[in-house]
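**Q**
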Amino acid sequence: GHKSYNNFTTGAWLSLNVTLETVPLFLRGGSIIPIQQTSNSLTTKDAKLTNLNVLVGLANNTGATSSGFFYLDDGESTNFHQKHSRWNFHANYSGSGYFEIVCSFYNFTVPEQMEWGNVTIYGVLGPSTVVQVNGKSVKNYVYDADHHSLTVPLGIKLGKRAIQVKWNTNYDDQTGFQKFCIVILGLGIGLSLLTITTFVLFLIWRRFFSPYVQSIPFPIEGGSDPM
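Next comes the structure, spelled out in structure tokens:
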């Protein structure tokens, strides 16, 4: 099963423990694929009665978009170019993230029993504090810290309706030096504003409230002081 997540930036040799009943699945970062439980969808008819789950491999570059699609037809007619439906997947992650399903073509009615099940997002580097599905907060999501994955239940029928999942995390990818520079910059701006504000207040006080401001008489040339 899809149980682990590793971020490989260069080529590597991998040794995996497998059996005759398992096949390793590698999901490239930036890819999104739909999956079904094979035990429940051995035929085309059964497949249309089984929920779809989605695996998302977030792109390695922060802010890059992951994408994929799902195509479905009746499995019988030859006019599959017209009689089919298609959904596009997109995902993006940069501290907070989103995943969306958008129906781009709908000319085949999906059976009522077929729903979007769970979406599992790999590459989420911190636990989520807020998860929303179509703008509504959900609580029954699962974050796996060991495998950097976030699983969100959808339970929404396949159709024309767009679906959007949003999440944020407390993961911060800034380095210590970057944080230090931001703090110093903030202090500098704060001190500058404080200095300017203090100077302006001093000028206002001196102009209108200072008791030591007096008019100074100037002698008139050629005149004399009164006796």
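The opening position of the sequence shown corresponds to residue 1224 in my numbering, with each subsequent residue numbered one higher. We put the CB at the ideal spot given by N, CA and C, even for glycine.
1) Determine, using beta carbons only, whether Val1375 and Val1342 come nearer to each other than 8 Å.
2) Tell me which residues share the same chain as Leu1239 and place their Cβ nearer than 8 Å to its Cβ, disregarding the 5 neighbours each side in the sequence.
3) Specify, as a first and last residue, the run of the beta strand (DSSP E) that Lys1380 falls within.
4) Decide if Asp1312 is buried, meaning its Cβ has at least 16 other Cβ atoms within 10 Å, or exposed.
5) Taking the straight line between their C-alpha atoms, what separation do you get for Ser1360 and Val1353?
6) My guess is that Ala1314 and Val1279 are in contact by the Cβ rule of under 8 Å, so how many angstroms apart are they, rounded?
7) Please state whether DSSP places Thr1392 in a helix, a strand or coil.
8) Could you check if Val1354 belongs to the surroundings of the ligand PLP, using beta carbon to heavy atom distance under 7 Å?
9) Taking the straight line between their C-alpha atoms, what separation do you get for Ser1300 and Pro1334?
10) When the Cα atoms are used, what is the spatial distance from Phe1431 to Gly1409?
11) Hey, Tyr1321 and Lys1389: beta-carbon distance below 8 Å or not?
12) Looking at the structure shown, is Leu1243 part of a helix, part of a strand, or coil, going by DSSP?
13) In the DSSP assignment, what residue or residues form a beta bridge with Phe1328?
14) Closer than 7 Å by C-beta to Val1241: which residues in its own chain qualify, once you throw out the five before and the five after it? Chain order, please.
15) Figure out for me which residue from Thr1418, Asp1296, Ala1235 and Gly1253 has the closest Cα to the Cα of Ile1344.
16) Suppose the cutoff is 8 Å on Cβ atoms and the five residues either side in sequence are ignored; what does the same chain contact list for Gly1382 look like?
17) Rounded to whole angstroms, how far is the Cβ of Met1337 from the Cβ of Asn1274, which I believe are closer than 8 Å?
18) Can you tell me the Cβ-Cβ gap for His1370 and Leu1348, rounded? I've got them flagged as a contact below 8 Å.
19) For a test of the three-state rule: what should DSSP assign to Phe1441, helix, strand or coil?
20) Distance, Cα to Cα, Ala1368 vs Lys1268?
21) Would Trp1339 and Ile1405 qualify as a contact pair, given that the criterion is a beta-carbon distance under 8 Å?
22) Could you tell me which of Ile1255, Gly1411, Glu1323 and Gly1318 sits nearest to Phe1392, measuring between CA atoms?
**A** The short version:
1) Less than 8 Å separates the beta-carbon of Val1375 from that of Val1342.
2) Result list for Leu1239: Pro1247, in chain order.
3) Lys1380 -> beta strand (DSSP E) spans Ser1372 to Lys1380.
4) Per the sequence shown, the amino acid found at residue 1312 is Phe instead of Asp. Residue burial annotation: Phe1312 is buried, with at least 16 other C-beta atoms found within 10 angstroms of its C-beta.
5) Spanning the two alpha carbons is a distance of roughly 7 Å.
6) Cβ-Cβ separation between Ala1314 and Val1279: approximately 5 Å, consistent with a contact (criterion under 8 Å).
7) In this structure, Thr1392 counts as strand in the three-state DSSP scheme.
8) Only the bare structure without any ligand can be found here, which leaves the ligand PLP out of the picture.
9) Approximately 16 Å, taken between the alpha carbons.
10) Cα to Cα, the separation comes out at about 33 Å.
11) Tyr1321 places its beta carbon less than 8 Å from that of Lys1389.
12) DSSP, reduced to helix, strand and coil, places Leu1243 outside both helices and strands of the structure shown, so it counts as coil.
13) Per DSSP, the beta-bridge partners of Phe1328 are Arg1309.
14) Taken in chain order, the residues that qualify are Pro1247.
15) The residue with the shortest Cα to Cα distance from Ile1344 is Gly1253.
16) Hits under 8 Å: Cys1326, Tyr1329 and Val1333.
17) Yes, Met1337 and Asn1274 are in contact; Cβ-Cβ is about 7 Å, under 8 Å.
18) The beta-carbon distance between His1370 and Leu1348, rounded to whole angstroms, is 11 Å. This is too long to meet the 8 Å contact definition.
19) Note on Phe1441: pLDDT 48, under 50, position unreliable in the model; the coordinate value appears next. It is coil, neither helix nor strand.
20) If you draw a straight line from the Cα of Ala1368 to the Cα of Lys1268, it is about 37 Å long.
21) Cβ distance not < 8 Å, so Trp1339 and Ile1405 don't count as in contact.
22) The sequence as given places Thr at residue 1392; Phe does not occur at that position. Minimum Cα distance to Thr1392 is reached at Gly1318.
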